[in-house]
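Trainee:
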Amino acid sequence: MARESTIASAKRIVTVTVTGVSDTGCVREINEDSFFAQAPIFAVADGMGGHTRGDLASRAVVESLAHSIRPGVATSPEAVFTALTAANAQIASWSGEVGIAGTTVAGLALVTLSAQTDLHWMAFNIGDSRVYLLDDGEFEQITVDHSAVQELLDQGRITTDEAERHPERNVVTRAVGVDADADADVWLLPTSGQQTFLICSDGLTREVSDDKIRSVLATNADDPAGELLRLAIENGARDNVTVLVVRATTLDPTPPGPGYHENRSLGYLEKTLPRL
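Number 711 in our numbering belongs to position 149 of the sequence shown; there are no gaps in the numbering.
#1: Could you pull the DSSP bridge partners for MET684 from this structure?
#2: State the Cα-Cα distance for the pair LEU627 and ARG792, rounded to the nearest angstrom.
#3: How should ALA645 be labelled, buried or exposed, when 16 other C-beta atoms within 10 angstroms of its C-beta is the threshold for buried?
#4: Confirm, please, whether the CB-CB distance from VAL778 to GLU769 is below 8 Å.
#5: Check each candidate in THR579, GLU591, ALA622, THR767 and name the one with the smallest Cα separation from ALA651.
#6: From ALA607 to LYS573, what does the alpha carbon distance come to, in whole angstroms?
#7: Flag this pair as yes or no: are the beta carbons of PRO639 and ALA601 separated by less than 8 Å?
#8: When you compare the CB positions of ILE603 and VAL738, do they come within less than 8 Å of one another, or not?
#9: What residues match up with THR758 in a beta bridge as DSSP calls it?
#10: Please determine, among ASP764, SER567, GLY798, ALA605, the residue with the shortest C-alpha to C-alpha distance to ASN732.
#11: Should VAL689 and ARG736 be called a contact, given that it needs their Cβ atoms to be closer than 8 Å?
#12: With a threshold of 8 Å, are at least 3 pairs of Cβ atoms found where one atom belongs to the stretch 713 to 722 and the other to the stretch 581 to 595?
#13: Distance, Cα to Cα, LEU675 vs GLU591?
#14: Is VAL623 helix, strand or coil by DSSP?
#15: Can you list, in chain order, the residues of its chain whose CB lies under 7 Å from that of TRP656, leaving out five sequence neighbours each side?
#16: Cα separation between ALA762 and ALA799?
#17: Could you check the C-alpha separation between GLY582 and VAL734 for me, to the nearest Å?
#18: Do you know offhand how far VAL805's Cα is from ARG727's?
#19: Can you list, in chain order, the residues of its chain with a C-beta nearer than 7 Å to that of ALA648? Leave out the 5 residues immediately preceding and following it.
#20: Would you list the residues sitting across from ARG800 in a DSSP beta bridge?
#21: CA-CA distance, ALA570 and VAL589?
#22: Suppose only complete runs of 3+ residues qualify. What are the beta strand (DSSP E) ranges in the stretch 579 to 621, listed by chain order?
#23: What is the DSSP secondary structure of GLN703, reduced to helix, strand or coil?
#24: Roughly how far, in whole angstroms, is the beta-carbon of VAL808 from the beta-carbon of LEU715, given that I think they are within contact range, below 8 Å?
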């Protein structure tokens, strides 16, 4: 069922509708994915398969993010980073008891930096769960995987087709709970018009092509997350599948005036595609 909420500031009114689903898939016995979907934050975590407590690790990171916010009120980049750091420490503390646990995380937060910059979307990720954006007909992957295969792609050593069949396609190079720091990549995007975001675990993207994902997001389906899950299951769903679809409508009730403009530099939070 879709959930709708509105967050307003002095310069923006953002109405968000979200649908979400998580499924064990057709092969796995345990669902190690978790998700959180309540404005201003939306996140998917994929517990590391084969590692002890992967399901608890994914739950820990989304719960930490959930505890960092006030529902219905914009958050800050610092609050997101603090929540990820806390989750990283919690998960890492389990290693002495039962061995290594870890999880990926990808998410979207509605943040405010100052009165001048007002509301923006902050996409973030650690690992190979992803955030996509469909905006004005253009569909793009916002986040960049932290994976062995992505590093080979960045180096030009393999092609995209080879990456899909590569024997190390399951190897992540960054995860929450494994390293000393929870080092997330972040991108800041203006809130504008009609925007549709997809946040998902790799259980979706390994079964459903970008073209099919885009076609689902471009429709007015009541439950786009459920439709994407259905496609993944039809294709075998060899991993857990978790999908959040966030549809946002932004209104600007204020007339143009002097001060901040969207094309000015936002420093370390600039949109930085592709990652170099």
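Every residue gets a Cβ at the ideal spot worked out from N, C-alpha and C, and that includes glycine.
Since this is a predicted model, take the numbers as computed values, not measurements.
Mentor: For this structure:
#1: DSSP output for MET684 lists ALA671, LEU750 as bridge partner(s).
#2: Straight-line measurement puts the Cα of ARG792 at about 28 Å from the Cα of LEU627.
#3: Answer is buried; the Cβ neighbour count reaches 16.
#4: The Cβ atoms of GLU769 and VAL778 do not sit closer than 8 Å to each other.
#5: In this structure, ALA622 is the residue among THR579, GLU591, ALA622, THR767 with its C-alpha nearest to the C-alpha of ALA651.
#6: The straight-line gap from Cα to Cα measures roughly 32 Å.
#7: It is not a contact, given that the beta carbons lie outside the stated cut-off.
#8: Contact flag unset, no.
#9: Bridge partners of THR758: LEU696, ARG809.
#10: Just measuring C-alpha positions, the residue of ASP764, SER567, GLY798, ALA605 sitting nearest ASN732 is ASP764.
#11: Per the sequence presented here, residue 689 reads as Gly, with Val not at that position. Contact flag set, yes.
#12: Contact between the stretch 713 to 722 and the stretch 581 to 595 is absent, with fewer than three C-beta pairs closer than 8 Å.
#13: When the Cα atoms are used, LEU675 and GLU591 turn out to be separated by approximately 42 Å.
#14: Reduced to three states, the DSSP call for VAL623 is helix.
#15: Hits under 7 Å: ARG615, ALA663.
#16: The sequence shown places Cys at residue 762, rather than the Ala named in the question. So the alpha carbons of these two residues sit roughly 13 Å apart.
#17: Rounded to whole angstroms, GLY582 to VAL734 spans 24 Å at the Cα level.
#18: Approximately 23 Å, taken between the alpha carbons.
#19: The residues are SER626.
#20: Note: ARG800 sits in no beta bridge, so no partner.
#21: Going by the C-alpha atoms only, they are around 43 Å apart.
#22: Runs of beta strand (DSSP E) with 3 or more residues, each lying fully within the stretch 579 to 621, are found at 595 to 600, 603 to 609, listed in chain order.
#23: GLN703: strand per DSSP, three-state reduction.
#24: 27 Å between Cβ atoms; not a contact.
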